[in-house]
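Student:
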Amino acid sequence: TEMKQFIIAEICIIVALAGGFWLGRVTNKSESYAHYYDNADKAWTEAQTLDNPPITLDEPDKNRLRKVRAAYREVFEKYPDSLWADDAIYQLASRIPRTDEEAFALFRRIINNYPDSELADDSMYAIAFASYQIAEELKRTGTLESLVAYYDRALTLYNQLIAAYPGSELSEQAQFNTAMCYYGKGELNIALAQLDALREPFSDSPLLYQILYVTGEIYLKKQEYENARVEFTNVVDSGDPTLAPLASFGIAQTYLAEGKYEEAVAAYQTVIDLYPDSKAGQDAHFYRGWAYERLGKYDEAIAQLETAIDLYPRNENTANSQIYIGQIAYANQDMASAIEAYQKVADNSTYDYDNRRQAQYWVGKIYEDNGDTELAVEAYRKLLTQFSEPHKEGAHPSNSISETYIQNLRGTGL
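For our numbering, add 7 to where a residue sits in the sequence shown, where the first one is 1.
As structure tokens, then:
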């Protein structure tokens, strides 16, 4: 009997403990959820406070950058069903380079987990545009691997955005960008058809003149010069402050490509006169000199290029123009002027390495061809000592110069 009483007492204690544990868990859970949204609000406010003023990708205070990113992550990891979760994900993704896979993953999280968020279309656009930028950079650097894949990824996302969010402010830009993807892939006829289809519905859109300008560019690539000039002229007539200078320059480019060099000279001068402070106006100075060279007007070409170099020494066309002056002088048997022009390139540390290396090579080559062995040897030694890395083009003649070559040249000249 005593044993039964003991067993019954133990069972009661166990039941009481279990009940208390269960009740405690229910109570704690209830209390936890009771503060869920308050805690989410506090976490979001703390993240916003840390992020004031807003940090940028190049934030010098790396400790602050880490704290801000951690604060945003806490919001959406701890409170995924709160009002602030999608905002926090977007803010964190914006603190990472947009071409980074981590940023892609965060933007996809908004698209997949919060499809009704006002940031879903922004996130889709961000991945699409970053993919397009990667493709453009791969094309610029000559890296063709994965090039089409990135354009296709961008196309898929742009089309998805257009279909899923037809009322989005980004829908118009996405439609234009699909044409740009086809343009980037080299599918010019498809790009042209896409742009043509946008003309009427976008007649009152700020994108209209971008459509006309890119259409002109495509016609230029297709060597349909008159059609290109029509489109470029429409853009010039619009007075668009960004695109009008580029379109005016585009008109000159059509004449140069078509072999109408007199018209090209005049058209480049128009760009210079109308848009002297624009990048197109700067470039026109250089291209006008090249058009003169095509006409065989070498004195005018050299004068124009020298003026351009003096006016815009940091323009990316400067080094090539200085080399061009050397080539013109060499073609006209003016060896002293040719050597002077090439040496200016070789000695200018602001120019790119390959241009400097090839210029130094041509100094030596001119001396060698003219029988000035000692000066040729001196120039070639300078090539080997100051430009020891080979030219990126493996077959470039400067890569054939070696100590053995110099010794053989010296022996021949004795």
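The beta carbon of each residue, even a glycine, is placed where N, CA and C say it ideally should be. This one's a predicted model, so the numbers in the text were calculated from it and none came from an experiment.
#1: Mind checking residue 266: buried by the 16 CB within 10 Å criterion, or exposed?
#2: Alpha carbon to alpha carbon, how far is residue 354 from residue 416? Give it in angstroms, no decimals.
#3: List, from N- to C-terminal side, the beta strand (DSSP E) runs of 3 residues or more that fit wholly inside the stretch 342-393.
#4: Would you please state the rounded distance, in angstroms, between the beta carbons of residue 361 and residue 399? I believe it to be under 8 angstroms.
#5: Buried or exposed, going by whether 16 or more other CB atoms sit within 10 Å of the CB of residue 42?
#6: How is the alpha helix (DSSP H) around residue 160 delimited, first residue to last?
#7: Let me make sure I understand the geometry here. Which of 258, 157 and 247 has the alpha-carbon closest to that of residue 5?
#8: Looking only at its own chain, which residues have a Cβ that is under 7 angstroms from the Cβ of residue 131, when we skip the five neighbours before and after it?
#9: Just the Cα atoms here: how many angstroms apart are residue 402 and residue 408?
#10: Which runs of the beta strand (DSSP E), 3 residues or longer, sit entirely within the stretch 237-290?
#11: Which residues in the same chain as residue 245 place their Cβ atom closer than 6 angstroms to its Cβ, once the five residues preceding and following it in sequence are excluded?
#12: Between which two residues does the alpha helix (DSSP H) holding residue 228 run?
#13: Got a sec, what are the start and stop residues for the alpha helix (DSSP H) residue 202 sits in?
#14: Where does the unbroken alpha helix (DSSP H) through residue 53 begin, and where does it stop?
#15: Under a three-way DSSP split, which group does residue 87 fall into?
#16: Determine the burial state of residue 324: buried for a count of at least 16 other Cβ atoms within 10 Å of its Cβ, exposed for fewer.
#17: Between the Cα of residue 3 and those of 96, 72 and 71, spot the shortest distance and give me the residue it belongs to.
Tutor: In terms of the structure at hand:
#1: Looking at its Cβ environment, which holds fewer than 16 other Cβ atoms inside 10 Å, residue 266 is exposed.
#2: 24 angstroms
#3: Listed in chain order, there is nothing to give.
#4: About 6 angstroms separates the two Cβ atoms, so the contact holds.
#5: By the 10 Å Cβ count, residue 42 comes out exposed.
#6: For residue 160, the uninterrupted alpha helix (DSSP H) segment begins and ends at 154-171.
#7: Nothing can be reported for residue 5, as the shown portion of the chain is limited to 8 through 421.
#8: 118, 164, 167 and 168
#9: Going from the Cα of residue 402 to the Cα of residue 408 covers about 12 angstroms.
#10: Counting only runs of at least 3 residues, the stretch 237-290 fully encloses no beta strand (DSSP E) element at all.
#11: 216
#12: 215-228
#13: 195-205
#14: Looking at the DSSP string, the run of the alpha helix (DSSP H) that includes residue 53 is 43-57.
#15: coil
#16: buried
#17: Residue numbering for the chain in the displayed model covers 8 to 421; residue 3 lies beyond these limits and cannot be assessed.
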